[in-house]
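Q: Every number in our numbering is 1 more than the matching position in the sequence shown, counting from 1.
Note that CB positions come from ideal geometry on N, CA and C, so glycine has one too.
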Amino acid sequence: MTETLLPTYMTDQRSQFDIAFVGGGLSSTWSLIQLVQNLPSERVTPALRLLLLEKSTDTYKGIAYGERSGDTALIINSLGDFLPPDELKRFTEWIVKNIDWLFDRFKASGGARTTEWLRKHAAEIEAGELSMLYIPRYLFGLYLENLASICLDTATANGLVEFEAIQAEVIDLVPGSDNYRIHAESCDMSHHEYLASKVILGLGSPPGKKVVTKADLEHQSDPVIGNPFEPSMRATLESVHSRLEQTCRESNRVLIVGSNASAVDMVCNLADYKNVIELIDTVVLMSPSGELPDR
Numbered sequence: 002m003t004e005t006l007l008p009t010y011m012t013d014q015r016s017q018f019d020i021a022f023v024g025g026g027l028s029s030t031w032s033l034i035q036l037v038q039n040l041p042s043e044r045v046t047p048a049l050r051l052l053l054l055e056k057s058t059d060t061y062k063g064i065a066y067g068e069r070s071g072d073t074a075l076i077i078n079s080l081g082d083f084l085p086p087d088e089l090k091r092f093t094e095w096i097v098k099n100i101d102w103l104f105d106r107f108k109a110s111g112g113a114r115t116t117e118w119l120r121k122h123a124a125e126i127e128a129g130e131l132s133m134l135y136i137p138r139y140l141f142g143l144y145l146e147n148l149a150s151i152c153l154d155t156a157t158a159n160g161l162v163e164f165e166a167i168q169a170e171v172i173d174l175v176p177g178s179d180n181y182r183i184h185a186e187s188c189d190m191s192h193h194e195y196l197a198s199k200v201i202l203g204l205g206s207p208p209g210k211k212v213v214t215k216a217d218l219e220h221q222s223d224p225v226i227g228n229p230f231e232p233s234m235r236a237t238l239e240s241v242h243s244r245l246e247q248t249c250r251e252s253n254r255v256l257i258v259g260s261n262a263s264a265v266d267m268v269c270n271l272a273d274y275k276n277v278i279e280l281i282d283t284v285v286l287m288s289p290s291g292e293l294p295d296r
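In structure tokens form, the structure reads like this:
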């Protein structure tokens, strides 16, 4: 009988926190910003110790608004429906202030669809009239990152908080009598334990049903992509493009399982990235509903 060795977790006094955020996407970032913005303005002794654990490099942005979604994906609502009025005003002002560089990634990564979007909305962007636009999602990710950084830097300088953001995947959460023991695995496969009085889970949407197995991904003669966002949408599109270039168009068929917003992202990207769509004879979306999202 083979003995299973459990990982050894490293901890020290610096690993004790008042509040830990698990997940670094929109919900955790927004909660963190609101918490810090509503702290008393006078110096606190000791400072509030905060920890954010995120397994990817998209800290503050998550999948939807970070690098993994690519540079040409748009929000699924118009900006006016996406944000409440006060935040819409602040976000719009930030875009106008940084307009000279914000759209560079969008321009560099896009194809004909992106070029047409920029042409169609050039006047509105120039005038700062953005409420009716479906803007590139990464813009909001950059805004979140900027807002969080300013809030945390200011609060740290004023002695209100001590903050750490660590790239690691949380693999267990053990409740204790007066704190939680958070077990995490870093990129180098080392294991660490963090203690927190309170834990806020910002885990995003639950994982979808697995349609393909690891064996499917390794042994299929035709490529099977289990998750278009891993490692990134750009890498997925490059893989698809490379594969399709090797075959004749008449035999190129793409099946997308699901018809949610991610499926729409995939179709739009196929139509835009290096004109991949011109290499495809048929695209089929298959889902229980057989319908695309309302928006």
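1. Which runs of the beta strand (DSSP E) fall wholly inside the stretch 90-142 and span at least 3 residues, in chain order?
2. Bridge partners of Phe-18, per DSSP?
3. For Met-267, which residues of its own chain have a beta-carbon under 7 Å away from its beta-carbon, when the five flanking residues on both sides are left out?
4. Could you check whether the Cβ of Ala-74 sits closer than 7 Å to any heavy atom belonging to the ligand FAD?
5. Excluding the five sequence neighbours on either side, which residues of its own chain have a C-beta within less than 6 Å of the C-beta of Lys-121, listed in chain order?
6. Give the straight-line distance between the Cα atoms of Phe-22 and Ile-183, rounded to the nearest whole angstrom.
7. Determine the burial state of Cys-152: buried for a count of at least 16 other Cβ atoms within 10 Å of its Cβ, exposed for fewer.
8. Can you list, in chain order, the residues of its chain whose CB lies under 8 Å from that of Ser-16, leaving out five sequence neighbours each side?
9. Does DSSP put Ala-65 in a helix, a strand or coil?
10. If Phe-92 sits next to Arg-50, beta carbons under 8 Å apart, how far is it from one beta carbon to the other, in whole angstroms?
11. Compute the Euclidean distance between the alpha carbons of Gly-302 and Pro-208, then round it to the nearest angstrom.
12. Report the partner residues of Lys-187 according to the DSSP bridge assignment.
13. Span of the alpha helix (DSSP H) holding Arg-235?
14. Can you give the Cα-Cα distance for Ile-64 and Ile-278, rounded to whole angstroms?
15. From the DSSP output, in three-state form, read off Thr-73 for me.
16. Go ahead and label Glu-130 buried or exposed: buried means 16 or more other beta carbons lie within 10 angstroms of its beta carbon, across all protein chains shown.
17. When we look at the beta-carbon of Asn-270 and count the other beta-carbons within 10 Å, is it buried (16 or more) or exposed?
18. In whole angstroms, what is the alpha-carbon distance linking Val-265 and Asp-173?
19. Ordered along the chain, which non-local residues of its own chain (more than five positions away) have a Cβ less than 7 Å from that of Gly-112?
20. Starting from Val-175, follow its DSSP beta bridges and name the residues at the other end.
21. Cα separation between Ile-20 and Trp-31?
22. Hey, is the stretch 58-75 in contact with the stretch 140-148, meaning 3+ C-beta pairs nearer than 8 Å?
23. Please tell me whether Val-241 has its Cβ less than 8 Å away from any Cβ of chain D.
24. Suppose the cutoff is 8 Å on Cβ atoms and the five residues either side in sequence are ignored; what does the same chain contact list for Asp-282 look like?
25. Give the DSSP-derived three-state secondary structure of Thr-60 in the structure shown.
26. With a 10 Å radius around its C-beta and 16 neighbouring C-beta atoms as the bar for buried, classify Val-162 as buried or exposed.
27. So the beta strand (DSSP E) Ile-257 belongs to, where does it begin and stop?
28. Report the three-state DSSP secondary structure of Thr-283 (helix, strand or coil).
29. Could you check where the beta strand (DSSP E) with Leu-49 kicks off and where it finishes?
A: This is what the structure gives:
1. Taking only runs of at least 3 residues, no beta strand (DSSP E) segment lies wholly in the stretch 90-142.
2. Beta-bridge annotation (DSSP): Phe-18 is paired with Ala-197.
3. The residues are Pro-229, Ile-257.
4. Among the components modelled here there is no ligand, and therefore nothing to report on the ligand FAD.
5. Excluding positions up to five away in sequence, the list is empty.
6. One Cα belongs to Phe-22, the other to Ile-183, and the distance between them is close to 11 Å.
7. Result: buried.
8. Within the same chain, and ignoring the five residues on either side of Ser-16 in sequence, the residues whose Cβ sits closer than 8 Å to its Cβ are His-193, Glu-194, Tyr-195, Leu-196.
9. In the structure shown, Ala-65 sits in coil (DSSP, three-state: anything other than H, G, I, E or B).
10. The Cβ separation is near 30 Å, so there is no contact.
11. In the structure displayed, the chain extends from 2 to 296; residue 302 sits before or after that span and is not available.
12. It should be pointed out that residue 187 corresponds to Ser in this sequence rather than to Lys. Ser-187 is bridged by DSSP to Ala-169.
13. Start and end: 234-246.
14. One C-alpha to the other measures close to 24 Å.
15. Three-state DSSP puts Thr-73 in coil, outside helix and strand.
16. Glu-130 should be labelled exposed.
17. Within 10 angstroms of the beta-carbon of Asn-270 lie 16 or more other beta-carbons, which makes it buried.
18. Rounded to whole angstroms, Val-265 to Asp-173 spans 34 Å at the Cα level.
19. Asp-273, Tyr-274, Lys-275, Asn-276, listed in sequence order.
20. DSSP lists Arg-182 as partners of Val-175.
21. Each residue's alpha carbon lies about 15 Å from the other.
22. In short, these stretches touch, since the Cβ pair count reaches three.
23. In summary, chain D is missing from the structure at hand, where a single protein chain is found.
24. Contacts found: Arg-250, Glu-251, Ser-252, Asn-253, Arg-254.
25. It is coil, neither helix nor strand.
26. By the neighbour-count rule (16 or more Cβ atoms within 10 Å), Val-162 is buried.
27. If you look at Ile-257, you'll find it in the beta strand (DSSP E) that goes 254-258.
28. Here Thr-283 carries a strand assignment [DSSP, helix/strand/coil].
29. For Leu-49, the enclosing beta strand (DSSP E) has its first and last residue at 49-55.
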